[in-house]
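In the working numbering, the protein residues as written are 51 to 134.
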């Protein structure tokens with residue numbers, strides 16, 4: 051029997067417990083983070099050849115995040131200041 055991956059629970063806690071409850075982030079901040087996480091997870095899934103729902107915390111390596119930031123800046127037309 052495999053143990054459930056804690057990543058979805060941790061991500062949910064980040065949004066609801068930390069961002070909203072502890073940091074009292076505005077709805078605009080929460081939406082910005084949400085949208086960036088969606089883009090990141092899609093990028094990781096495509097790069098790993100997986101579906102988003104099976105991405106684990108182990109899939110989010112430093113090199114993958116750096117590649118995503120480069121992708122956000124160069125291929126999506128963002129800037130260093132807007133890539134979160």
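Each residue gets a CB set at the ideal place from its N, CA and C atoms; glycine is no exception.
These numbers come from a predicted model, not from an experiment.
Item                                                                                                                                                    : Value
Using CA atoms only, rank isn't needed, just tell me which of 113, 103, 120 is closest to residue 59.                                                   : 103
Just to confirm, are residue 95 and residue 105 a CB contact at a threshold of 9 Å?                                                                     : yes
Which residues in the same chain have their Cβ closer than 7 Å to the Cβ of residue 114, if we skip the five residues on either side of it in sequence? : 94, 97
I think residue 91 touches residue 80, with their Cβ atoms under 8 Å apart; what is that distance to the nearest whole Å?                               : Actually they do not touch by this definition, with Cβ atoms about 16 Å apart.
For residue 122, count neighbouring Cβ atoms within 10 angstroms of its own Cβ and tell me buried if that reaches 16, exposed if not.                   : buried
Could you tell me which whole alpha helix (DSSP H) segments of length 4 or greater appear in the region 63-100?                                         : 77-98
Nearest-angstrom Cα distance between residue 63 and residue 99?                                                                                         : 26 Å
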